Each structure stands twice: as structure tokens, then as C-alpha cells.
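Beneath this line is the structure, given in C-alpha cells, with notes to follow.
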Amino acid sequence: MARLIEGMAEGMARLETETAFQVLARAAELSAAGRDVINLGIGQPDFPTPEHVVEAAVKALRDGAHGYTEANGTRRLREAVAADLLARRGVEVSPDRIVITPGGKPTMFLALLMLGGPGAEILHPDPGFPIYRSMIAFTGATPVPVPVRREDGFAPRAAPILERMTPRTRMVIVNSPGNPTGGVMAPEEVDALAAGLAARPDVALLSDEIYARMLYDGAVHRSLLAHAALENQLILLDGWSKTYAMTGWRLGFGVWPARLAEPATRLCVNSWSCVNAATQAAGVAALEGPQDAVDAMMAAFDARRRLVVAGLNALPGVSCPTPEGAFYAFADMSAAAPDGDAAALQRRILEEAHVATIAGASFGAAAPGCIRFSYANSTAAIEEALARIGRLLAG
Ligand code: PLP
């Protein structure tokens, strides 16, 4: 065994994990031990998948969708994605540039496997989704964190990205609306970034837009896909997990530069072969069917967002900006945490108040005093969680 581990691919030592899954496992242990745990940790909608989407998958299974499909996804689903991109983002994309994946995450996995490697520098947001840094490091490339600042309302900006680019930069990762902050990049910042990157055709841009439809207070999502000048550089990551409450189905897609769609598909063939056939049928139903369940879910998230932000700001030593997107509140807890160590406070909140949250340190080095609260839970659960945290902080 020891020899097997010593012989492991050297990148494995640099591969990290996603704390959200560790917190989920610990919350499950506490629940199994009889504790009443409130989960504001993992980022997944608490709503069921819309009924007609479930029915479409059941029907597909009954109708015999039991085999492999094309590795890049069924033509039917890729056409549905292309139609949706035209309707919602106003951009015409050939279905040949679309690669269907088991969840949104694999698009970043494929992009980094393909374009990472020693000698490359890859820029990623900090705080940001932890898998970016983990996978960049796994490939042997150098992760270059780009701070996403509280002073900017946690909205990513173009200048800090463009300033960090060097001749070795091979890829830039942006995420708006963002995890863990809920920050939304302003349209003029998106345009400034696009202009800067168009001048560097040797640099790829991975735009993670998985929360694109989760916006509040009239915030606007300007997709980088709308910038035709980036067509040969841009890899768009999106999927069904968040918008349609389908995290467990594992369904996502990437839009690739035409020349990268084939290598991306080859990586699919070398790994999962294709996405589950019935799930792909569900994906078509989600895009083409009624959207009222999405609207209802967003209205509920909006109400919870107000509740959680007001509740957090009312706690002593806690300050939380109002997020404009996704379903996360990212609160500065440094004044409430002993020694400003929000990671220790996050553990106490879980072990003593039985509320699962994620410490800022899980998202990079830039926000150690913060804690992420996923408000994908009922208002009653959020109210109870806030009351418990209030008692813990007062005690
Ligand atoms: N990108 C971001 C920013 C996310 O927060 C997540 C999930 O939390 C993903 C991608 C991955 O989503 P999926 O579950 O579809 O793989």
C-alpha cells in the first residue's frame, strides 16, 4: 500500500477538496447522532426538481433510453442548449461547440487538464470556488489568485485581473454571479475584461456562469459569450444544477472554441463516455418546458436573502453586504471571532449551535475572517439558525 501511495501521480499531493462536502459529512454524522442540524453549508437548492423534468426522465427510461449517447451529448440536447443561449444570451452558437458534461464542474476539469501544466500561470478569483485552485495546482500550473474585494461589494473587476497577466498567463477564470460571495460583475467591467483579453489571443478565458439566472434587485448578467471577439478563447461553463434544482442529476455543459470542442470530447471518451441518457432527456425538458418553477424558486431565494442579510447584520460583530446573485451571503465575522479566526468560529457554530456553514478560508487566502451562509433553506430554518448563532455569540 505504502508503495502504491508513493507511486501516485505527483499532482495528487496538490489536489485539494471542497470543504462543503466535508462539512456535509460532519453534519450528517451529527444528525445521525440525533442532533437537529440546520444546513446552510452546501450550495444546493432545497427545492425538488420541477415535476415535468422528473417525468421526462422517467418517460425516457420507459421508452428505452438505456444506452450510451454521443460523447459530447445528444444532438437534441445540444440543440436545445443552443436555442436557450440564443434566447437568453442573444448569441448564436453552433451545437458542435457544445459539450454536455456530468455537472458543471467537469467543464473546468476538462479545460484545466487540457490547458494547464507546468510553466503556465492561471488566474482565479479569491475568494472563489475552491476547485479552481485545486485543479490548477494538480496540473502543475501556478495558481494566481485575483482578489475579489469587499470594497467592491465582492463584484469581480477587470483591472485586478488584467494587471496580474504576464507572458506566462495561459488561462483566466472568472465567476459571476460568484460563489462564495454572490457578487455580480458589472456589465462595463465584463466589457473591459473582454477588451483586455481580446488583445491576448494566447490566453483562454473560462467563464463560470453557473449562477447566471440567479440575480436580484435588477442586477444584470452580461455573458462573456456575447463578445464575439473572444470566440476562439472563451470556454463557457454552465449547467442545470442550480437553476433547475438538479445538483444530484449531474448535468452541465461547456461552450468551447470550435478547435477545442474535439479535444474536450476526446477527454469525455477517455473518462465518463457520456452523460446518463435519461438525464439528458430531462435537460431538454428543463430548457424547453415551463419556467415557472425557476421563477418561484428565485422569489423564495430573494425573500431568504433579505432575511439572512438583515439577521446577520443584526448580530454583534457581524457585517454582511447584500449579495446580488447566487444564493450565498458572505459575512465578515472577524469582529465576532476570537483572534479573527472565522474557521474556529465556523467549527463552533457547527459543533455547538448545530448550524453548518463554510469558513472563508475554504475559498482562498483573501477572506479568512468571513463565513459563507448558503440560504438555500427554509425561512423557518434560517430564522432558527440565526437565533442559535446569536445565542452562541452572546454566550
Ligand atoms: N461552479 C461554481 C461557481 C459552483 O459554485 C459550483 C457548485 O457549487 C459548480 C461550478 C459546479 O456545479 P455542478 O454541481 O453542476 O458540478
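The sequence shown: position 56 = 146 (our numbering), numbered continuously. Positions of the beta carbon are idealized from the N, C-alpha and C atoms, including for glycine. Because the structure is a prediction, the values reported are computed rather than measured.
- Per the C-alpha coordinates, the member of VAL238, ILE95, GLU106, THR164 positioned closest to THR355 is THR164.
- Around the beta carbon of ASN162, 16 or more other beta carbons sit within 10 angstroms, so the residue counts as buried.
- Judged by pairs of C-beta atoms under 8 Å, the segment 116-124 does not touch the segment 420-433, as fewer than three such pairs exist.
- In terms of side-chain proximity, the C-beta atom of ASN322 is found no nearer than 6 Å to any non-hydrogen atom of the ligand PLP.
- Pairing ILE300 with GLY329 gives a Cβ-Cβ distance under 7 Å.
- The ligand PLP never approaches SER361 closely enough for any of its heavy atoms to be under 6 Å from the residue's Cβ.
- Residue pairing by DSSP places CYS460 opposite ASP422 in a beta bridge.
- For the beta strand (DSSP E) assignment, the uninterrupted runs of no fewer than 3 residues enclosed by the segment 227-262 are, from N- to C-terminal side, 232-237.
- When distances are taken from the beta-carbon of SER184 to the heavy atoms of the ligand PLP, even the shortest one reaches 6 Å or more.
- By the Cβ test, the segment 396-413 is not in contact with the segment 357-377, since fewer than three Cβ pairs between them sit closer than 8 Å.
- With a threshold of 6 Å, the Cβ atom of SER464 does not count as near the ligand PLP, since no heavy atom of the ligand is closer than that.
- By the rule of a C-beta closer than 6 Å to any heavy atom of the ligand PLP, the residues picked out are GLY133, GLY193, GLY194, LYS195, PHE219, ASN265, ASN269, ASP298, ILE300, GLY329, SER331, THR337, GLY342.
- With 16 or more other CB atoms across the displayed protein chains lying within 10 angstroms of its CB, MET198 is buried.
- The beta carbon of GLN323 lies closer than 7 Å to those of LEU287, PRO291, VAL293, ALA294, LEU295, PRO347 in the same chain, with the five residues before and after it left out.
- In this structure, ASN265 keeps its C-beta atom at 7 Å or more from the C-beta atom of ALA416.
- Leaving aside the five residues that flank GLY206 on each side, the residues in its chain whose CB is nearer than 8 Å to its CB run, in chain order, ILE212, MET225, ILE226, PHE228, THR229, GLY230, ALA231, ARG260, MET261.
- When the beta-carbon positions are compared, ASP216 and ALA449 stay at least 7 Å from each other.
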